[in-house]
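For the sequence shown, the numbering used here begins at 11 and goes up steadily by one. We put the beta carbon where it would ideally sit given N, CA and C, even for glycine.
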Amino acid sequence: MLKIYGNPGSTCTRKVLMTLAETNTPSEMTVIDLAKGEHKGEAHMARQPFGRVPVLEDDGFQVFESRAICRYLNERNDGKLVPSDAKARAKMEQWISIETSEFSPPAMKFVYEYLLKRPQGQDALDAAGKALTAACAIMDAQLAKTPYFVGDEFTLADICFMPYFEYGMMTPAKDIIEKFPHVMAWWKRVSERPTWQKATGKN
Numbered sequence: 011m012l013k014i015y016g017n018p019g020s021t022c023t024r025k026v027l028m029t030l031a032e033t034n035t036p037s038e039m040t041v042i043d044l045a046k047g048e049h050k051g052e053a054h055m056a057r058q059p060f061g062r063v064p065v066l067e068d069d070g071f072q073v074f075e076s077r078a079i080c081r082y083l084n085e086r087n088d089g090k091l092v093p094s095d096a097k098a099r100a101k102m103e104q105w106i107s108i109e110t111s112e113f114s115p116p117a118m119k120f121v122y123e124y125l126l127k128r129p130q131g132q133d134a135l136d137a138a139g140k141a142l143t144a145a146c147a148i149m150d151a152q153l154a155k156t157p158y159f160v161g162d163e164f165t166l167a168d169i170c171f172m173p174y175f176e177y178g179m180m181t182p183a184k185d186i187i188e189k190f191p192h193v194m195a196w197w198k199r200v201s202e203r204p205t206w207q208k209a210t211g212k213n
């Protein structure tokens, strides 16, 4: 059985848990206690030299970095989260890159400040607010045309946005995000998926 070394509250672990749920893949988790610094302990550093979570182990094979794990899980299980069409697949990768570079960094500034209590400074929060507004405007324009980032099908691109979106909505970033109706409609659509409820422990 697959083993995940992670923490169910971490954004990166949640991406993997969502992919496991969507591909109906059995797994077991060894919880790494971030508050106790277990991710920096010798045992975990041997698995993940940067001291982060999650790590996937599959019959002796190990891989870290959540987006790489998600792609591996989809391919391993003949999942439907990556389009077979080359053009659609390129669009998926485009949106994953947008998530990585344009959405998650400013969203996480708010998460660090308001949820994790790591002061970011007002200048950094102001800049994050502007960046988040710009990202959401571009996301909203796409989601006005299609229900998901890559057309009519739910893909890894959607999964990659979801954990950052959830936590961002628990902070004043919500006031920015809620200005974009198509983004909010997308969030309602994806967050109601039974797999997300399972991945986040809501059922």
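The C-beta separation of residue 28 from residue 169 comes to about 5 Å, placing the pair in contact by the 8 Å criterion.
In its chain, beyond the 5 residues on either side, 167, 170 have a beta carbon closer than 6 Å to the beta carbon of residue 106. Secondary structure of residue 156 (DSSP, three-state): coil. In this structure, the beta-carbon distance from residue 190 to residue 150 falls below 8 Å. Comparing C-alpha distances from residue 71 to each of 12, 108, 95 shows the shortest one belongs to 12.
Our two residues, residue 177 and residue 121, have alpha carbons roughly 6 Å apart in a direct line. Of the candidates 96, 108, 44, 47, 108 places its Cα closest to the Cα of residue 148.
Between the alpha carbons of residue 198 and residue 76 lies a gap of roughly 23 Å.
For the 8 Å CB-CB criterion, residue 61 and residue 50 form a contact.
Rounded to the nearest angstrom, the gap between the Cα atoms of residue 79 and residue 102 is 16 Å. In the assembly as shown, residue 209 is a buried residue. Its beta-carbon has 16 or more other beta-carbons within 10 Å. For residue 20, the secondary structure class from DSSP, reduced to helix, strand or coil, is coil. Ranking 55, 104, 73, 18 by CA distance to the CA of residue 165 puts 104 first. For residue 41, same chain residues with a beta-carbon under 8 Å away, outside a window of 5 residues either side, are 16, 17, 18 in chain order. Short of 6 Å from the beta carbon of residue 112, and not among the five residues preceding or following it, lie these beta carbons of its own chain, in chain order: 145.
The region 87 to 168 is shown to contain whole alpha helix (DSSP H) runs of 4 or more residues at 96 to 108, 114 to 124, 132 to 153, in chain order. The beta carbon of residue 205 lies closer than 8 Å to those of 28, 31, 32 in the same chain, with the five residues before and after it left out. Taking all protein chains shown into account, residue 34 has fewer than 16 neighbouring C-beta atoms within 10 Å of its C-beta and is therefore exposed.
In the three-state reduction of the DSSP assignment, residue 28 falls in the helix class, which pools H, G and I.
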